[in-house]
Amino acid sequence: MPQFTRQCLLALIALSFALTGCGGGGGRYADDTNLPDAPELPQGSQVCATLQASNSLVKNSDGSLPGSADPTPATLGGASTALNNPDQARIQAALDACGVAVDAQVGTVIAIADKLAASLQTAANQPLVNIAGASGEALSALKPKRFAVRLVKNGSGAGNAFLSGPLVLPSGVTLWVDDGVTLFASRDVVLYDKSAQDRPNPITCGAAINNPAGLPAPAGTVNAGDATLAGVSGMQNCYAFIRGSYTVNAAIVGTGSIDSRGYMPLISSSPLYPLIRWATGTTESFTYSGSNITGVVTPKFSCTNTIAAYRSGQLAPEGTACDVVTAMGKTIVTTPAIAYVVNRQASSVPNGVTVTSPGCTSATPACARWVTSNWWDISYHGNKDIGGGPYSFQGNPGMVWMQHSKNLTLYQITLRNSTFFTFEADGVDGLTVWGIKIKTPLLPDAANQAGVGLNNDAFDGVSGSYTKLYTGATIDASSTGVKNTDGVDPSVASGPAFAKLQTGSGTSSSGSVHFDGYVKNVAIVYNYLSPSDDNVAFKGGLADPRPQAAQGAASGASKLWGIDGDRDVSSNRTFGIVVAHNHNYTGHGLSIGSPTNAGVRNIHIYDNYFDGGYDGNNAATDMGLVGLRIKSGQARGGDVSNIYYDGACMRGIKDFLIFEQYYTSPAADPYPGLGWLVPNFHDIVMSNVRMMNIPSNKSAGLVGAGNLTFRGLHADTAYANTQSIIQMTLDNVVVDSDVKISIANLSKGVLNLGALDGSTQSKAANANLTLGANVSLLGRSFAHGTGGILTNATSGAGAYTAPVNTLNLTVTGSDDAGALTDPNPAATIVAQNPKLSLCDNPASWPAFPDVK
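Going by the working numbering, the residue at position 148 of the sequence shown is 206; the numbering climbs one at a time, nothing skipped.
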């Protein structure tokens, strides 16, 4: 008798329950039998509650919410529930009621099934493996008759939108957003600020702070005298728009959409809440004295209060230094380069200060006016203006953040304009992301910017479209990259858990369930991804859920991984972790990392498409587009192995392939000498990959980094055990035309690296590339970069030339696989390979679906 069948029968006998199904298994998807069956939308009879949109909330034709439907209050702190958060209470009430009802029907059965499975695992006595309890596959059958909350259009009017603050998705509940309906996030920042028992430190949601590891915050700022800010993700200080913890069989589905509106100026329902504001127009120099900063300043920024004052229920005097800590070294704290102060006036001059440039007072029209930040402004501010170091702090909420889950599903839903990571699942067994659409574009996802409430060009005082940052700089790749709006991030949890299921925003189950904290049984398939950051990113750390003995600190010999596609593979699939049949647009690639310290292995990535518009000249078309990527660095590295890429079509991409172990530099390593925190990429197999539409100037390296980057690790003796060689095998990998290959060169100087040739940049390649049959990496001709990796000196295919000025670079095999006389080997290889020829089919390149 199968293990779970026995468990389920025991549970049924104990409770005299009648369930519709029992045990694992399930069918396979007909179009790809490696996959389980596709999810389905709930039936009408499975709905706990149906909520209709208010007729006061009607979307614009471009899918945005009109400013009149979410008005900006006339005064600071004047946001109201009725106007700016009308739907949170009723949606949460419906979710809570459904969660409690689900738990009443199946909660006890789930707990008993989990207990039985855990007892068997405990008896097996495997100290290097966390107790998992009942598998996600086993629990998938334990569903009640009703489990969904459905959001629909108004039945008697035009209402088609909901406006809500953050929501808790209970265990067992499906949030169903119906066709043509959008769930919008409220822009009242107070709603996202975590309560004292939930936040990791006093920092408020919406802050932009930078602090290096181990350094105390300076006097006069929040957390003065201690170092608790160091390295904390800003997402931890905010409630995500949709969040859940300790869930079984939760889901978000529907052909409607969810919009976080990262581009909209924030508002506040508390006059005390600290908001960051930008100055537009003319900024005048003036002299002021504050608690931490004194002098003559022309401020571009202000805040409406300090964090410390807000937490104590007070208003800081104008001229007080805002909470800004910045540092670019490991041993010093520098004065903020763009210091700013508390200012609650409408113009750039704080109350009670001396104006240096005569003629500008708080009543002078020429003075700059203040505009409240939006979430994307805070991202840029924290990462670029006061950041740039390893501990940049953007206090933004995630869009959907689930922690410790079994059977978590996203199906068909459209997610737009995320404020931070779009979807993160920490510690999940059974993650299905199928047929969804993610769009967080370079510009807000709305055709008419004035229609969404923006009346100036990124707050620079010029009417027009949203094409510039508040700094006045045109938005390009360097600015889009700081939004940190990853698409889909399966991540290990901070550790295992044995916890009560979260059945609502304030309720939990009577029984507890085990969660091992690993990532397993993942299918990310048939999606359309355009997030402006990592399309997908498997994150194997920084927290490590494995038992201490399995982490390497004690034994250093364990070969267990936090993300492992071969761990506890469900019977309804061939591979435990699959990323397949996805169409990718603006984004930083199908990625692994940067945290890999818990280990990542056995991932199958196949039949994916990457459609970009990079032309090699115009920075506006750059957008940081990346194809396939593994990234990590010292202090967050680990074993990454058995990664299988099979079938990828890429066109108009800036960087087709990036495999690098310098994503974080050894200079930032707080753990020198710990060899098990060094990245180790090996047994990476790439086959049937085609790279197309390469800009004509790209082969000469005139714009940006190399199209193909392989960058291993080789630090000097200041760091022990820090040499690591990337080992990859390439087979049927072709480039249609000229390309720049960057194996040796680093894009920036890195400290504590041995410069073998006396240059300021290390040319440590540390890569072992095995070129199998039918590999054409160089195109028809090739101009190599400094470091000289592979060279075709003449037009047409040429013999492999030994690399120069590199370290530990080994190339086994020959480029063009023996076709040395073929004038166009790429075309020859493509003609012989159906998977590569598929890239020429127009049907392989659909436009991003227009879902509004």
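Heads up, the beta-carbon is just placed ideally off N, CA and C, and yes, glycines get one too.
Could you work out which residue in 320, 302, 486 and 404 is closest to residue 436 when comparing CA atoms only?
Stepping through the sequence shown from its first residue, residue 436 is reached at position 378. Checked all of 320, 302, 486 and 404; the closest Cα to residue 436 is 320.
Does residue 151 get closer than 8 Å to chain D when you measure Cβ to Cβ?
Absent here is chain D; the protein component of the structure consists of one chain.
Residue 376 - containing alpha helix (DSSP H), residue span
On the sequence shown, residue 376 is found 318 positions in, with the first residue counted as 1. Counting along the chain, residue 376 falls outside any alpha helix (DSSP H), and DSSP gives it neither H nor E.
Inter-residue spacing [alpha-carbon to alpha-carbon] between residue 541 and residue 181:
Here residue 541 corresponds to residue number 483 of the sequence shown, with the count starting at 1. Here residue 181 corresponds to residue number 123 of the sequence shown, with the count starting at 1. Taking the straight line joining both Cα atoms gives about 47 Å.
On the DSSP letters alone, give me the boundaries of the beta strand (DSSP E) that residue 472 sits inside.
Counting from one through the sequence shown, the residue named residue 472 turns up at place 414. Segment 472 to 474, the beta strand (DSSP E) holding residue 472.
So, residue 134 versus residue 327, is the Cβ gap smaller than 8 Å?
The residue given as residue 134 occupies position 76 in the sequence shown. The residue given as residue 327 occupies position 269 in the sequence shown. One thing to note: residue 134 has its Cβ no nearer than 8 Å to the Cβ of residue 327.
Take residue 638 as the anchor and find which of 299, 593, 609 and 597 has the nearest alpha-carbon.
Within the sequence shown, the letter at position 580 stands for residue 638. When 299, 593, 609 and 597 are compared, the shortest CA-CA separation from residue 638 is found for 593.
Between which two residues does the alpha helix (DSSP H) harbouring residue 180 extend?
The count along the sequence shown starts at 1 and reaches residue 180 at position 122. First-last of the alpha helix (DSSP H) with residue 180: 146 to 182.
Sub-8 Å separation of residue 695 and residue 648 beta-carbons:
Counting from one through the sequence shown, the residue named residue 695 turns up at place 637. Counting from one through the sequence shown, the residue named residue 648 turns up at place 590. It is not a contact, given that the beta carbons lie outside the stated cut-off.
Starting from residue 141 and walking both ways along the alpha helix (DSSP H), at which residues does that stretch end?
Locating residue 141 in the sequence shown gives position 83, counting from the first residue. Here the alpha helix (DSSP H) through residue 141 covers 139 to 142.
Provide the residue span of the beta strand (DSSP E) that contains residue 234, from first to last.
Along the sequence shown, read from residue 1 onward, the residue named residue 234 stands at position 176. From DSSP, the beta strand (DSSP E) with residue 234 extends over 232 to 235.
Contact under 8 Å by Cβ, residue 491 with residue 468
What you label residue 491 is simply residue 433 of the sequence shown in a count that begins at 1. What you label residue 468 is simply residue 410 of the sequence shown in a count that begins at 1. Cβ atoms of residue 491 and residue 468: closer than 8 Å.
Between residue 228 and residue 188, what straight-line distance do the alpha-carbon atoms span, to the nearest angstrom?
The residue labelled residue 228 in the question sits at position 170 within the sequence shown. The residue labelled residue 188 in the question sits at position 130 within the sequence shown. Annotation: residue 228 to residue 188 spans about 24 Å, alpha carbon to alpha carbon.
What three-state label does DSSP hand residue 433 in the structure shown?
On the sequence shown, position 375 is the one that residue 433 refers to. In this structure, residue 433 counts as helix in the three-state DSSP scheme.
I need the straight-line Cα distance from residue 98 to residue 195, nearest angstrom please.
Numbered from 1 along the sequence shown, position 40 holds the residue referred to as residue 98. Numbered from 1 along the sequence shown, position 137 holds the residue referred to as residue 195. So the alpha carbons of these two residues sit roughly 16 Å apart.
Judging by CA-CA distance, which residue of 173, 433 and 365 is the nearest neighbour of residue 298?
The count along the sequence shown starts at 1 and reaches residue 298 at position 240. Comparing Cα-Cα distances from residue 298 to each of 173, 433 and 365, the minimum goes to 433.
Please confirm whether residue 480 and residue 498 have their CB atoms less than 8 Å apart.
Reading the sequence shown from its first residue, position 422 is the one you call residue 480. Reading the sequence shown from its first residue, position 440 is the one you call residue 498. Against a cut-off of 8 Å, the Cβ pair of residue 498 and residue 480 comes out as a contact.
Residue 213: buried (16+ other C-beta within 10 angstroms of its C-beta) or exposed?
Start at 1 with the first residue of the sequence shown, and residue 213 comes out as number 155. Answer is exposed; the Cβ neighbour count stays below 16.
Per DSSP, the bridge partner or partners of residue 195
Position 137 of the sequence shown, counting from 1, holds the residue named residue 195. Paired residues: none, contrary to the question.
Here's the rule: buried if 16 or more other CB atoms are within 10 angstroms of the residue's CB, otherwise exposed. What is residue 821?
One-based indexing of the sequence shown puts residue 821 at position 763. Only weak support exists for where residue 821 lies, its pLDDT of 36 falling under 50; the coordinates are left without a value.
In the structure shown, what three-state DSSP assignment does residue 263 receive?
As a first step, residue 263 must be located in the sequence shown, where it is residue number 205. In the structure shown, residue 263 sits in coil (DSSP, three-state: anything other than H, G, I, E or B).
Same chain, Cβ closer than 7 Å to residue 899, five either side skipped, listed in chain order
Position 841 of the sequence shown holds residue 899. Closer than 7 Å at Cβ, skipping near neighbours: no residue.
For residue 85, which residues from the same chain have a beta carbon less than 6 Å from its beta carbon, with the 5 sequence-adjacent residues on both sides left out?
Within the sequence shown, numbered from 1, the residue matching residue 85 stands at position 27. Answer for residue 85: 95, listed in chain order.
What's the call for residue 178, buried or exposed, on a 16-neighbour Cβ count within 10 Å?
Taking the sequence shown and counting its residues from 1, the one referred to as residue 178 is at position 120. Label assigned to residue 178: exposed.
What are the boundary residues of the alpha helix (DSSP H) that includes residue 895?
The residue given as residue 895 occupies position 837 in the sequence shown. That run of the alpha helix (DSSP H) goes 892 to 895.
Out of 569, 574 and 543, which one is the CA nearest neighbour of residue 464?
On the sequence shown, position 406 is the one that residue 464 refers to. Nearest to residue 464 by alpha-carbon distance, out of 569, 574 and 543, is 574.
Judging by CA-CA distance, which residue of 671, 628, 622 and 241 is the nearest neighbour of residue 657?
Here residue 657 refers to the residue found at position 599 of the sequence shown. With distances taken between Cα atoms, residue 657 lies closest to 622.
From residue 520 to residue 427, what distance separates their C-alpha atoms?
Residue numbering aside, residue 520 sits at position 462 when the sequence shown is read from its first letter. Residue numbering aside, residue 427 sits at position 369 when the sequence shown is read from its first letter. Unreliable positioning characterises residue 520 in this predicted model, as indicated by a pLDDT of 29, which lies under 50. The coordinate reading is nonetheless provided below. Residue 520 and residue 427: Cα-Cα distance of roughly 13 Å.
Would you report the Cα separation of residue 100 and residue 220, rounded to the nearest angstrom?
Against the sequence shown, residue 100 aligns to sequence position 42. Against the sequence shown, residue 220 aligns to sequence position 162. Whole-angstrom Cα-Cα distance: 20 Å.
Where residue 199 falls, given that 16 or more other Cβ within 10 Å makes a residue buried:
Within the sequence shown, the letter at position 141 stands for residue 199. Per the 10 Å Cβ criterion, buried.
Residue 305 vs residue 460 beta-carbon contact at 8 Å
Reading the sequence shown from its first residue, position 247 is the one you call residue 305. Reading the sequence shown from its first residue, position 402 is the one you call residue 460. Yes, they are a contact pair.
Residue 132 to residue 114 span [Cα, whole Å]:
Stepping through the sequence shown from its first residue, residue 132 is reached at position 74. Stepping through the sequence shown from its first residue, residue 114 is reached at position 56. Their Cα atoms are separated by approximately 20 Å.
Should residue 203 be labelled buried (16 or more other beta-carbon atoms within 10 Å of its own) or exposed?
Position 145 of the sequence shown, counting from 1, holds the residue named residue 203. Exposed: under 16 other Cβ atoms inside 10 Å.
Status (buried if at least 16 other CB within 10 Å, exposed otherwise) for residue 256
Residue 256 sits at position 198 when you count from the first residue of the sequence shown. With fewer than 16 Cβ atoms within 10 Å of its Cβ, residue 256 is classed as exposed.
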